[in-house]
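Q:
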Amino acid sequence: MKGVVGISCPIRDYLTDGEVAALSIFLPEFRFKPEQLPELVTKLKEASKKIFLLLEG
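Counting in the numbering used here, the sequence shown tops out at residue 57, every number present.
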């Protein structure tokens, strides 16, 4: 899709070392700055780990 930036991160099952889902964010290309990428990836990874812990119960 033109004009959109998407970043994804797997939601891992750390018990079986597999992926169970994915978490993604999308934003308009004009709002994305390449220097934001490391922070966005870090936040996605943190959120995916929190989601796994919630799913694990």
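Just so it is clear, CB atoms sit at the ideal spot from N, CA and C, and this is done for glycine as well. All of these numbers come straight from a predicted model, not from anything done at the bench.
(1) Give the straight-line distance between the Cα atoms of Q36 and L27, rounded to the nearest whole angstrom.
(2) Residues in its own chain within less than 8 Å of E19 by CB, not counting five upstream and five downstream?
(3) Taking the straight line between their C-alpha atoms, what separation do you get for M1 and E29?
(4) Could you give the first and the last residue of the continuous alpha helix (DSSP H) run that contains L23?
A: According to the data block:
(1) In the sequence shown, counting from the first residue as 1, residue 36 sits at position 36. In the sequence shown, counting from the first residue as 1, residue 27 sits at position 27. If I take the Cα positions, the gap works out to 12 Å.
(2) The residue given as residue 19 occupies position 19 in the sequence shown. The answer, listed in chain order, is P10, I11, R12 and D13.
(3) Position 1 of the sequence shown, counting from 1, holds the residue named residue 1. Position 29 of the sequence shown, counting from 1, holds the residue named residue 29. Those two C-alpha atoms are separated by around 10 Å.
(4) Here residue 23 is taken as the residue at index 23 of the sequence shown, counted from 1. No alpha helix (DSSP H) contains L23, which is instead part of the beta strand (DSSP E) from G18 to P28.
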